Amino acid sequence: MFKSGFVSIIGRPNVGKSTLTNRIIGEKLSIVSNKPQTTRNNIMSIYNKGDEAQLVFVDTPGLHKPKNKLGAEMVKMASESVGEVDLLVFITEPQSKVGKGDQFILDNIKDKNVPVFLLINKTDKSTPEEIAETITAYSEAFTFKEIVPISAINGNNVDTLLNLMIKYMPEGPRYYPEDMITDRQERFIVMEIIREKALRLLEQEVPHGIAVEILSMKTNEKGTYKIEANMLCEKSSHKGIIIGKNGAMLKRISTYARQDIEKFLDTKVYLRIWVKVKEEWRDSPFLLKELGYKDR
-19 MFKSGFVSII GRPNVGKSTL TNRIIGEKLS IVSNKPQTTR NNIMSIYNKG
31 DEAQLVFVDT PGLHKPKNKL GAEMVKMASE SVGEVDLLVF ITEPQSKVGK
81 GDQFILDNIK DKNVPVFLLI NKTDKSTPEE IAETITAYSE AFTFKEIVPI
131 SAINGNNVDT LLNLMIKYMP EGPRYYPEDM ITDRQERFIV MEIIREKALR
181 LLEQEVPHGI AVEILSMKTN EKGTYKIEAN MLCEKSSHKG IIIGKNGAML
231 KRISTYARQD IEKFLDTKVY LRIWVKVKEE WRDSPFLLKE LGYKDR
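Heads up: the sequence shown begins at -19 in my numbering, then just goes up one per residue.
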């Protein structure tokens, strides 16, 4: 009997949703950064277990109270994904009580007629007592079908989690070919790699007003890629920070992004990035649509 279904991983920003997805799939498909709300689109990642099962993971933007139109679109996508799956996986980190952010999410899923797992992530940085306190606090706030402590960063207990997920999946078809690991095109993955490098290297210097627009992706007869992209920011002062003194920061972003893109595409890549100012793009319906964050 082949089992298959869709799994939505939900939780506050920065509790390890994308790290867990990347760990399960074995590829860097979802952007990972220390900044909140780094996942901006629903990304489907596909896990195949031979002739036994196929799990399709929906890595969603974090459910949060939006501050602009971009935030509203992110919450809309997250809410829609929650309503169309076979299993909800709520992920948090060890803490003695349920915080407001987590309670907001639990309130949003309490009427969903699907099983809900509780994952307590970052056990590699926690004591058994802290994990036990978390289990007690969250069990009092919500009825979970399964509770699984894990470490997404080192893979601890992830195999146990996968087996439990398969157990709760219905009998069904293989929705995607066995060799397919994501529903996203190469262009989208390249865009996310560039954006991740910018967020990591800029740290707290530039807030979330960064987007990446792929202008062209072309290959020559040798299979080498030539990629041109715009990095959009909201203020002229941010543009200067992104470019850096004598172009040093933009060069670092481009170099690290190119290295990861070459690993992903398995070929040589020439990457050129320009920095453009688009004031208040996060509140522009037109730009949000152009950049793929609206009406997908």
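All residues carry an ideal CB built from backbone N, CA and C; glycine is no exception.
Keep in mind the model is a prediction, meaning the values are calculated, not measured.
Check your understanding: Going by Cα to Cα distance, which pick from His218, Lys(-17), Met24 is closest to Asn2?
Key -> Met24
Point to revise | Where the alpha helix (DSSP H) through Lys219 begins and ends | key: 216 to 223
Exercise for review: Reducing DSSP to helix, strand and coil, say where Phe124 ends up.
Suggested key: coil
Check your understanding: Any idea what DSSP makes of Phe(-18), helix, strand or coil?
Key -> coil
Point to revise | First and last residue of the uninterrupted alpha helix (DSSP H) at Thr1 | key: -3 to 5
Check your understanding: Going by DSSP, what residues sit across from Ser25 in a beta bridge?
Key -> Phe37, Thr162
Point to revise | Closest by C-alpha distance to Leu195, when choosing among Glu201, Thr114, Val170, Val94 | key: Val170
Point to revise | Boundaries of the beta strand (DSSP E) in which Ala191 is found, first to last residue | key: 191 to 199
Check your understanding: Is Val255 helix, strand or coil when you go by DSSP?
Key -> strand
Review point. Distance, Cα to Cα, Ala117 vs Glu110?
Key: 11 Å
Exercise for review: Keeping to the same chain, check which residues put their C-beta closer than 6 Å to that of Lys15; ignore five residues upstream and five downstream.
Suggested key: Because Lys15 sits at a pLDDT of 44, beneath the cut-off of 50, its placement in the model cannot be relied upon, and the point is left open.
Practice item. Could you please give the first and the last residue of the uninterrupted beta strand (DSSP E) stretch that includes Tyr156? Key: No beta strand (DSSP E) contains Tyr156, which DSSP labels as neither H nor E.
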